[in-house]
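Here is the structure we will look at, set down as structure tokens.
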Amino acid sequence: MNSINADLHCHSVVSDGTLTPEALAVRAHQNGVELWSLTDHDVIGGQQRAKTASKELGIRYLPGVEISVSSMGQTIHIVGIGIDPENAILIEGLRKTRDGRSERGQEMARQLEAVGIPGAYEGALKFAGNQELLSRTHFARFLVEKKVCSSTDAVFKNYLIEGKPGYVEHRWATLTESVDWIKAAGGAAVIAHPGRYRLTDLQKDELYKSFLLAGGLGIEVITGSHTPAQYEEYAKIAKQYDFYASRGSDFHDLNESYIDLGRLPLLPTNLKPIWSLF
Ligand code: AMP
Ligand code: MN
Ligand code: MN
Ligand code: MN
Numbered sequence: 000m001n002s003i004n005a006d007l008h009c010h011s012v013v014s015d016g017t018l019t020p021e022a023l024a025v026r027a028h029q030n031g032v033e034l035w036s037l038t039d040h041d042v043i044g045g046q047q048r049a050k051t052a053s054k055e056l057g058i059r060y061l062p063g064v065e066i067s068v069s070s071m072g073q074t075i076h077i078v079g080i081g082i083d084p085e086n087a088i089l090i091e092g093l094r095k096t097r098d099g100r101s102e103r104g105q106e107m108a109r110q111l112e113a114v115g116i117p118g119a120y121e122g123a124l125k126f127a128g129n130q131e132l133l134s135r136t137h138f139a140r141f142l143v144e145k146k147v148c149s150s151t152d153a154v155f156k157n158y159l160i161e162g163k164p165g166y167v168e169h170r171w172a173t174l175t176e177s178v179d180w181i182k183a184a185g186g187a188a189v190i191a192h193p194g195r196y197r198l199t200d201l202q203k204d205e206l207y208k209s210f211l212l213a214g215g216l217g218i219e220v221i222t223g224s225h226t227p228a229q230y231e232e233y234a235k236i237a238k239q240y241d242f243y244a245s246r247g248s249d250f251h252d253l254n255e256s257y258i259d260l261g262r263l264p265l266l267p268t269n270l271k272p273i274w275s276l277f
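Be aware that the sequence shown starts at 0, since it is given in numbering that gives the first Met the number 0, and climbs by one per residue.
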């Protein structure tokens, strides 16, 4: 069960990835992924496409989503695995969560203009295509196109983050809301890339306990965002809190992402895989 090549976290053009759901299915299949999940940010418009493409290729698929949450004074991402994309409660919750992204984008653009970078809103929109979701990633790609920064990585060091131009604080869903919506849609809630949050040990303990209390079930142990030392650290956390463990590349783009689909170490054998629930 642990030894299967499952990749339960990645993004398509429907949010801030650059491959279509169909192209992701093909790439996952080519890379030897046996079970995958498309987890676009706050949007499930790609689910049917991902499912249909997977069926044609003969690769197992679980519908997914990555919800933006405001908790502990920062943005936390909660992944929902095995959700029903037709569930009205989840659909409405995600719509609410996406609300305000356009206004936020306009304010981000005003800040960038103030430091001599005009046209960022229209520029970012172009990278977002006709999709429903405008993300900081689209602004980052615009800043690379304009040669303000050499890579999106460099953008997220000098712009669009707290204390730098183009950062706008935003209220996302609450932790409890995100878990409630995922549960309502029959899915399992998983804390995404826990190693990325700037929290003290005490705050982490608080986050894990309130997540479990809300009905959350899992935590990402093997993710493209973790170092090998963090694989071990979060394997221990999974044991300690009795979390189900997940594995996902968080793949967005061939050049921007560190880890390709399915190219991660396997889940440690002493952990309960989140996919054993489905
Ligand atoms: P948003 O939901 O609009 O705030 O955008 C968040 C997205 O920006 C994430 O999903 C990542 O794709 C990207 N992002 C955030 N921080 C970084 C970072 N340090 N390096 C690369 N990408 C980042
Ligand atoms: Mn992203
Ligand atoms: Mn994330
Ligand atoms: Mn992600």
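All residues carry an ideal CB built from backbone N, CA and C; glycine is no exception.
> To which residues does DSSP link R246 through a beta bridge?
Replying inline: I221
> Taking C-alpha atoms, which residue in A234, W180, G223 lies nearest to A213?
Replying inline: Just measuring C-alpha positions, the residue of A234, W180, G223 sitting nearest A213 is W180.
> If you check the beta carbons only, do L206 and S70 fall under 8 angstroms apart?
Replying inline: yes
>> Residues in the same chain with beta-carbon distance under 7 angstroms from S224, minus the five sequence neighbours each way, listed in chain order, please.
In response: Excluding sequence neighbours, S224 sits near H192, G194, R195, D249.
>> Give me the residue from R170, K145, A139 with the minimum Cα distance to K156.
In response: A139
> For L61 versus A183, is the C-beta distance shorter than 8 angstroms?
Replying inline: no
> Hey, V13 and D41 are a contact pair by Cβ (cut 8 angstroms); roughly how many whole angstroms apart?
Replying inline: Going by Cβ atoms, the distance from V13 to D41 rounds to 10 angstroms, so no, they are not a contact pair.
>> Quick test of the definition: if touching needs 3 or more C-beta pairs under 8 angstroms, does the stretch 88 to 108 touch the stretch 123 to 132?
In response: yes
> Going by other Cβ atoms of all chains shown within 10 Å of its Cβ, with 16 needed for buried, is Y257 buried or exposed?
Replying inline: exposed
>> On a Cα-Cα basis, can you pick out the residue from A52, I80, P20, L18 that is closest to R246?
In response: I80
>> For W274 and A228, what's the separation of their Cα atoms in angstroms?
In response: 24 angstroms
> Cα separation between F242 and L142?
Replying inline: Between F242 and L142, the C-alpha separation is close to 39 angstroms.
>> Less than 7 angstroms separating the Cβ of D83 from some heavy atom of ligand 4?
In response: Taking the Cβ of D83 as the reference point, every heavy atom of ligand 4 lies at 7 angstroms or farther away.
> Where does T17 land, buried or exposed, given buried means 16+ other C-beta within 10 angstroms?
Replying inline: buried
> Around ligand 3, which residues pass a check of Cβ closer than 7 angstroms to any of its heavy atoms?
Replying inline: E65, H76, A191, H192, D249
>> Rounded to the nearest angstrom, what separates A127 and M107 at their Cα positions?
In response: 15 angstroms
>> Using a 10 Å radius around the Cβ and a threshold of 16 neighbouring Cβ atoms, would you call D200 buried or exposed?
In response: Burial call: exposed.
> Comparing alpha-carbon positions, which option in N4, G217, K145 lies nearest V178?
Replying inline: G217
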